[in-house]
Amino acid sequence: MATMTEINDLATARDRIKSFLGADAGRIVVLTGAGISTESGIPDFRSPGGLWSKMQPIEYQDFVDDEESRLEDWSRRFQMADIFHKAEPNAAHRVLAGLARDGRLSLLITQNVDGLHQRSGVPEDLLVELHGNSTYASCLDCGRRAELEDQRATVEAGRSPVCEACGGLLKAAVVSFGQMMPEDALIRAAEAARKADVFVVIGSSLVVHPAAQLPVIAAQAGAELVIINREPTPIDPLAEVCIRTPIAESFVDFAP
Numbered sequence: 022m023a024t025m026t027e028i029n030d031l032a033t034a035r036d037r038i039k040s041f042l043g044a045d046a047g048r049i050v051v052l053t054g055a056g057i058s059t060e061s062g063i064p065d066f067r068s069p070g071g072l073w074s075k076m077q078p079i080e081y082q083d084f085v086d087d088e089e090s091r092l093e094d095w096s097r098r099f100q101m102a103d104i105f106h107k108a109e110p111n112a113a114h115r116v117l118a119g120l121a122r123d124g125r126l127s128l129l130i131t132q133n134v135d136g137l138h139q140r141s142g143v144p145e146d147l148l149v150e151l152h153g154n155s156t157y158a159s160c161l162d163c164g165r166r167a168e169l170e171d172q173r174a175t176v177e178a179g180r181s182p183v184c185e186a187c188g189g190l191l192k193a194a195v196v197s198f199g200q201m202m203p204e205d206a207l208i209r210a211a212e213a214a215r216k217a218d219v220f221v222v223i224g225s226s227l228v229v230h231p232a233a234q235l236p237v238i239a240a241q242a243g244a245e246l247v248i249i250n251r252e253p254t255p256i257d258p259l260a261e262v263c264i265r266t267p268i269a270e271s272f273v274d275f276a277p
């Protein structure tokens with residue numbers, strides 16, 4: 022087990038980030054959670070006082086079976102979409118996009134559904150969204166993509182949106198409570214974790230599984246594990262470095 026170093030000083034944090042994300046880092050794999058986006062103005066919906074603590078989650082089967090549940094889910098998705106639209110990628114998002122452009126990012130795995138990684142410039146082929154994406158919809162039958170805003174008038178008229186191609190139910194492209202997570206995404210993420218030379222966790226509490234197992238897989242396979250999160254996580258003892266400074270500020274003026 023690694024001897025963990027904790028960093029609370031911003032200058033030291035920036036230096037260490039430049040070090041472990043440098044040109045000689047090898048295969049870099051990153052896992053991001055809500056903490057990277059809260060500094061862009063997106064609330065952590067799972068935290069105390071967040072959206073999911075104020076209302077009962079809508080289970081996937083309820084969405085499929087019940088019109089009232091579907092309309093409530095759509096109403097929530099529009100609320101979230103309005104929040105996401107106002108947010109902008111921050112320095113941490115931009116640094117990860119830069120690593121992707123430079124060919125130094127093997128894979129970016131995210132628990133977030135806000136689309137900020139795509140907006141920052143991370144290409145789809147380097148991105149695994151474990152919990153899906155809430156910025157667009159997809160058909161539950163044929164999988165065809167549909168834009169959220171195009172469904173707003175239908176929902177406001179009291180009807181569930183359906184696919185123009187096949188008539189199947191449209192749903193925000195997130196993994197809902199009770200819905201199976203995408204197996205291909207999980208397999209790809211776990212494989213990348215096993216092959217990583219450096220595995221970086223940014224803004225995840227590491228309490229939601231299976232994402233929380235990925236840094237464990239990486240550390241056990243010999244990767245350097247770095248956790249950047251304001252609060253302690255259950256995986257901290259496996260890390261070589263835990264950085265507690267504000268995430269976006271820690272990536273400002275990044276130059277490997």
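Residue numbers (the working numbering): 22 to 277. Note that beta-carbon positions come from the ideal geometry of N, C-alpha and C, so glycine has one too.
Separation of Leu31 and Ile268 (C-alpha to C-alpha, rounded to the nearest whole angstrom) is 10 Å.
In the DSSP assignment, Gly153 falls within the unbroken beta strand (DSSP E) covering 153–160. Comparing alpha-carbon positions, the option among Leu190, Ala233, Ala46, Glu60 lying closest to Ala244 turns out to be Ala46. Three or more beta-carbon pairs separated by less than 8 Å are not found between the region 133–148 and the region 79–93, which leaves the two stretches without contact. Under the three-state reduction of DSSP output, Arg166 falls in the strand class.
Going by DSSP, Glu204 is part of no beta strand (DSSP E) but of the alpha helix (DSSP H) stretching over 204–216. Annotation: Leu129 to Val222 spans about 10 Å, alpha carbon to alpha carbon. Under DSSP, Val149 forms a beta bridge with Ile130. For Ile256, the three-state secondary structure derived from DSSP is coil. Rounded to the nearest whole angstrom, the C-alpha separation of Ala174 and Pro182 is 9 Å.
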